[in-house]
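Note that the protein sequences, when read in sequence, are chains A and B.
Per full-length UniProt numbering, the very first residue in the first sequence carries number 1; after that it's consecutive.
Per full-length UniProt numbering, the very first residue in the second sequence carries number 1; after that it's consecutive.
Beneath this line is the structure, given in structure tokens, with notes to follow.
Protein chains: 2
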Amino acid sequence: MPLPRDAPPARYLDDMKVGLRFAGDPRVVQEQEIIAFARQFDPQPFHIDAALASQTLFGGLIASGWHTAAMTMRLLLEAFPIGDGTIGLGGEAAWPNPVRANDAIHIEGEVSAVKPSRSHDDRGIVTVRTETKNQNGDVVQTLTANLLVFRRKSKSA
Amino acid sequence: MPLPRDAPPARYLDDMKVGLRFAGDPRVVQEQEIIAFARQFDPQPFHIDAALASQTLFGGLIASGWHTAAMTMRLLLEAFPIGDGTIGLGGEAAWPNPVRANDAIHIEGEVSAVKPSRSHDDRGIVTVRTETKNQNGDVVQTLTANLLVFRRKSKSA
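What follows is the structure, given as structure tokens:
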């Protein structure tokens, strides 16, 4: 599945500033996606079986948190592409509310830190905070991620 | 894909102690898995196209960090099952080295904190640190995760 052609232009370290904000389009999460992901990576009753899930504390089928994280990555690539790649070094995530089948999720994000490398002129670490929200505005994931970001190559290079 | 039948017994809050350690069996990561995951969630050249990947700073195809996280979840369920479910509230991850095709990855973990809930007698938050390592002992992911863990239900309940 290629990314949409009308994606915004890719940003480089030169373009990054604390407070830079972005938001993306919603994605509807299908029950079959939730089950397929979880059967592979997180095969617990509340992720793979709607009937069993209804008897758990969640009261119904919910997506694995790692599925929410993976979908958020896709939404991040679409909403905030980075030149030479979106390369995550690590980060901190939380899942304050679950994602359920037919939820429409979207991301809202902001650059919270920009640190040029001391040892390499061509790169830096950019910290990006995203909230992934459902159609009711409930936050289903917060993520603070450190990304390796390169400078734009000069045209004469 | 059900979990293996010879999985260790599920642990409850009653069984959790700081310093409790566990380790799991290796899982070999196939190139097609890396590509399939990334085409869906992280379709960047270094994750989906071996030829293009060889021209990037990674020098070849690598797994999406979220794929490594998802595989680690599966390995965690197998090595350290938790009664009533392994429910992640959030955590902190880093990917100090990439996962490549045909790597055999396994996890090693430890309980680093156990905090019974003040408001609910039947549960607590358990912090689990895992390292995911490849066949050379390189750490490909560190994860510190906060899990919601329930007490064992008493037999008279």
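Every residue, glycine too, gets a C-beta built ideally from N, C-alpha and C.
Asked: In angstroms, rounded to a whole number, what distance separates the CA positions of serine 156 of chain A and aspartate 122 of chain A?; Found: Caution applies to serine 156 of chain A, whose pLDDT of 48 falls short of 50 and renders its modelled position unreliable; the model cannot decide the point.
Asked: Do the stretch 38-45 of chain A and the stretch 76-84 of chain A touch if we need at least three Cβ pairs shorter than 8 Å?; Found: no
Asked: Quick one: is asparagine 22 of chain B near chain A, going by C-beta distance under 8 Å?; Found: This sequence places phenylalanine at residue 22 of chain B; asparagine is not what is there. Chain A, which has no Cβ nearer than 8 Å to the Cβ of phenylalanine 22 of chain B, makes this no.
Asked: What does a CB cutoff of less than 8 Å around glutamate 31 of chain B pick up in its chain, not counting 5 residues either side in sequence?; Found: Ala50, Leu61, Ala101, Asn102
Asked: Rounded to the nearest angstrom, what separates glutamate 108 of chain A and valine 18 of chain A at their Cα positions?; Found: 15 Å
Asked: So, helix, strand or coil for isoleucine 35 of chain B, using DSSP?; Found: helix
Asked: Nearest to threonine 130 of chain B by alpha carbon, out of B:Ala23, B:Arg11, B:His47?; Found: B:Ala23
Asked: Establish whether the CB of threonine 86 of chain B and some CB of chain A are separated by less than 8 Å.; Found: yes
Asked: Could you give the distance in angstroms between the alpha-carbon of leucine 20 of chain A and the alpha-carbon of glutamate 110 of chain B?; Found: 38 Å
Asked: For the stretch 108-127 of chain B, which residues have a CB atom closer than 7 Å to at least one CB atom of chain A, in sequence order?; Found: none
Asked: From asparagine 136 of chain B to threonine 68 of chain B, what does the alpha carbon distance come to, in whole angstroms?; Found: 16 Å
Asked: Within a Cβ cutoff of 7 Å, which residues of the same chain sit near isoleucine 34 of chain A, ignoring the five residues on either side of it in sequence?; Found: His47, Leu61, Ala63, His67, Ala101
Asked: Within 10 angstroms of its Cβ, does glutamine 55 of chain B collect 16 or more other Cβ (buried), or is it exposed?; Found: exposed
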